[in-house]
Structures are given as C-alpha cells and as structure tokens.
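In full-length UniProt numbering, the protein residues as written are 1 to 514.
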C-alpha cells in the first residue's frame, strides 16, 4: 500500500465487530485515536433532543441519523466526523466506528479516509444481535433488514477499499489483515509482527523494541561495563566466574572467550528436569576441550510452591482441546505472562510462553549457586541486553536480593562486546565445533528445551506466531543475527510426541492443585 490515508472509517453489517476491531487497531497504531460516532455525535444529540423517542438506543440512534441527514444533508455525519478530526484530533490518525450510510462512506472516501467494510454472514450476525441486544430471532432479523433499508449497507460494501470477513471470534485476525494492508504488519528491522498482541509498528515501520533500541542504544555504556567486567579476572580463588554452557554455539564461544580474557571459569549446566540429555554430555565435552571444569547443577530446589502450581496450571492449559475460546485465552495469557515472569512475582498463573516460567527459577539459581561458591560473576552466551537502565541498554545486571549477602553480576558477554554471529562462527571453526546432525546454526528454544518443544506447535497455532519470536527478534534488533536467519529458525518445527504435562511430570516440578 503506497497511498497515505487521513484515517480509517469502519462500516459493516450489524454485529460485525466494528468497535472491537477499532479498539484493537487503536492499540496497535501509535498516534491513532478511536472515534466512536455514538459517543461523539449520537449521544450528545440525544441528550439535547428529549423529543426523540424510541424503545431502544439503536432505534433512537436511527432517528438521530435521519434528523441530521434531513437537516444537514445526506453526508452530514461524515462531515461532522471530519470536523471533529480537524478540531480535536488534528495530529492523530483516527479510526472511526459506529458510522453508517452510503453517502457518509462516499464522502469520507473522497476526503481521504480508508473505507473498510466488515462482513459477516446474516445468520451469524442475527445470532450475535440476539446475544448482544437480547433480541428474539424475529426482532434481530427485523433489525438486520432495517439497517439495510436505512443505511444501504450492501452498497457501502461495493465502494469499500477493503472488505474483511469477521465471522471468526477473534477480532485480531481481521485487524491484522487491515494492518497488513496499511503496511503496518511487520517490523522492517526484526521479525516482530502485529499477530503478537503486544507488538505495534510505528510510522517509521519499526516495532516498539527496535524503535527504542534505535533511540536509546549508546555504545559508550559498554566501555565502562567492559572495564568493570574485566576487573573480575584479577579476583582470587579457584574460580572467578561461572559460565553457563549448553554445548551450543553461543555458550561454547563464550567459554572460549572467557579463557582468552584470562578468567578462571567454572562451566556449569543447569538441570531443570526437562533439558535434552545430549545437553549435559555435550556441555561437559566442550568444557573439557577448553580445559575448564564443569558441573551439572540440579536447580529444582529453587522451584517454589507457587512455581509448581504455575507448572501444573500450564500443563492443564496445554491439555485443553483446540477451540476459538482457547485461542482467545492463549492470547490473553500471553499478554498476562509478561507481568508475572519476575523472580519476585508471587502469583501462580498458566504460562503460554515456557521461558517466562522457567526464568522465575533460573534467575534465583544463578544468584544462589554463585553465592554458594563465593563467586560474584555469572557469564552467559545471551546475544541481547540484560535490560534498560537509566535510559541505556546494558549488558550487565546486578542481583542483590539480600542486604546481608554479596551482589552477583549477570553478564551477557556477546552483547557486551557487540559480537556478531560471524565472530562466533570464527571461534567455532577454530575449536572444531560443529552443528549436531539435524540442527540449524540458529535455533528457537524448542531445540534444547523439552518443555518448550512440547508446547511449541500448539502455542504457535493458537497464538498465530512462534512463542520464541520476540527473543530471536531481539537478537536481530541487536544485529547479532539477520532477519532471514531468525525467520528460518522460526519456520522450523520440532516434532515431539510427549505432552507438556508428561514433560513436566517427568521433571517432577508440578504440584497438585488444591
């Protein structure tokens, strides 16, 4: 789409989801404003016109439509809406819902608004009216016919710029199609797109993560952090750093770098009960090849009761059969999970994104295992930032949950030294590391985590996007990998015959609900 529109006017058959879709669009289009005609025009007119009578709000609204049309002309509401846009929301892209009438559609189209028509089969529309308005079937059918007679609804469809089927229950599906039409579907930098309910695309074509990174990234921050990090190499003790290793490309390259930096690292691999067995043997092999001690650490002791309940709820969620209702629930829980993955969170909810639940355990384990060994530095092969601190993206995170215990610093080494995938590959070739048979160089988290693997296909089907897309998207944002490499990883499907419940019960991390 190359044309620039002033806004969007959403028309449609009765109960086709005009307001619901408008609200979805407002959330996804930065700088937009939802303008509901009933709130802006119809209701104020009703308050000023006590003579307008009717059995229902819809009936009185139709009388207002007729009154305004007779007094000010066929396209009166269209003209009033454009006036409100210029007067109240001049700098915003407006999304108009609750508007009807062929002449209004024609006027708004001439004025530069995108005309969208939402279509739903009459039988489904009648059923929705019965549910929403409490109508009998006869009353709903009558309402449907009156809409066509008064507003020439079918003729609006014939002049629409875009027609969307809204017979499904999820308003995000047609909203996504509309955003795709507008060129606001996918970030031009990374793999994020608006199928993900937390993603929006700005006027420059960037998702909020890439836009923030572009405006806040400051390479000067890393000079100070790198100096701080290297100072740990001079600390005494058998080990002066712990390095997380899975035997994969990133962690193996990081362990090599740590040795070259002059550290005395202890390589470790956490055991959650749901990692593939080859992770532990390969990790030990890579550590031995680099002359580094290695420990396999079972961290299930860090799983709190509240976490066990969350594991159980997650298993039960993934047990449910596919349905429109479950799809809506998955998308809602995906958003909710972002508020509950902190190690401090004391809530138990089912998690759609497996990494968020695992993170609540792993962060505590980093701190606990480091303090237990008298080590203050944990280094990971994570190719993105640890967080946003003082308006700067940082590569080091300080953990100090207790006043009377020392701090532990988590370092994402590839991001700290601004390494790229090509740099990692050079190291891997030097030490003879090769991709395991059947694996890609870049993989989603389902490659090594059986919890993620068991959840992957159901999650991606119900969400409409891969649950690991935001993580790989951040690696693209940070320029560690290319967008094409991330997309290739996200397209891969990892076949697995065990359910989420079976994986978690075998790992011994669930608890029966009360």
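For every residue, glycine included, the Cβ atom is placed at its ideal position computed from N, Cα and C.
Can you check which of these residues, 184, 156, 512 and 284, is closest to residue 243 by C-alpha distance?
284
Cβ-Cβ distance between residue 366 and residue 410 below 8 Å:
Cβ distance < 8 Å, so residue 366 and residue 410 count as in contact.
Presumed contact (8 Å Cβ cut-off) between residue 112 and residue 5, rounded CB distance:
6 Å
Where DSSP assigns a beta bridge to residue 9, which residues make up the other side?
96 and 115
Does residue 187 come out as helix, strand or coil in the three-state DSSP assignment?
coil
List the endpoints of the continuous alpha helix (DSSP H) containing residue 149.
137-151
Going by other Cβ atoms of all chains shown within 10 Å of its Cβ, with 16 needed for buried, is residue 108 buried or exposed?
buried
Are residue 144 and residue 122 close, meaning C-beta to C-beta below 8 Å?
yes
Own chain, CB closer than 6 Å to residue 97, minus 5 neighbours either side, in chain order
10, 18, 19, 22 and 36
Please report the straight-line C-alpha distance between residue 478 and residue 154, rounded to a whole angstrom.
For residue 478 and residue 154, the distance between alpha carbons rounds to 49 Å.
Among 481, 504 and 399, nearest to residue 449 - alpha-carbon criterion
504
Among 353, 266 and 63, the one whose alpha carbon lies nearest that of residue 376
266
Is it true that the CB of residue 462 sits closer than 8 Å to the CB of residue 351?
no
Our contact map puts residue 452 next to residue 355 with C-beta atoms below 8 Å; I'd like the distance itself, whole angstroms only.
7 Å
Measuring straight from C-alpha to C-alpha, what distance separates residue 2 and residue 485?
The predicted position of residue 2 is uncertain, since its pLDDT is 49 and thus under 50; no value can be drawn from it.
For the pair the segment 246-258 and the segment 369-387, tell me if three or more CB-CB distances fall below 8 Å.
yes
Cβ atoms of residue 359 and residue 341: under 8 Å apart, would you say?
Between residue 341 and residue 359, the gap from beta carbon to beta carbon is short of 8 Å.
Should the segment 463-474 be called in touch with the segment 184-200, which here means at least 3 C-beta pairs below 8 Å?
yes
Counting Cβ pairs closer than 8 Å, one from the segment 254-264 and one from the segment 295-315, do we hit at least three?
The segment 254-264, when compared against the segment 295-315, does not touch it at the 8 Å Cβ threshold.
Reference residue 457, options 490, 28 and 429, closest by Cα:
490
Considering just the uninterrupted stretch of the beta strand (DSSP E) at residue 380, what are its terminal residues?
377-380
With a threshold of 8 Å on Cβ separation, who are the neighbours of residue 509 within its own chain once the five nearest residues in sequence on each side are excluded?
272, 273, 274, 300, 303, 307, 308 and 311
Residue 419 to residue 357, Cα distance in whole Å?
28 Å
Beta-bridge pairing of residue 389 - partner residues as DSSP gives them:
392
Thinking just about the alpha-carbon of each residue, which of 501, 447 and 81 is nearest to the one in residue 492?
447
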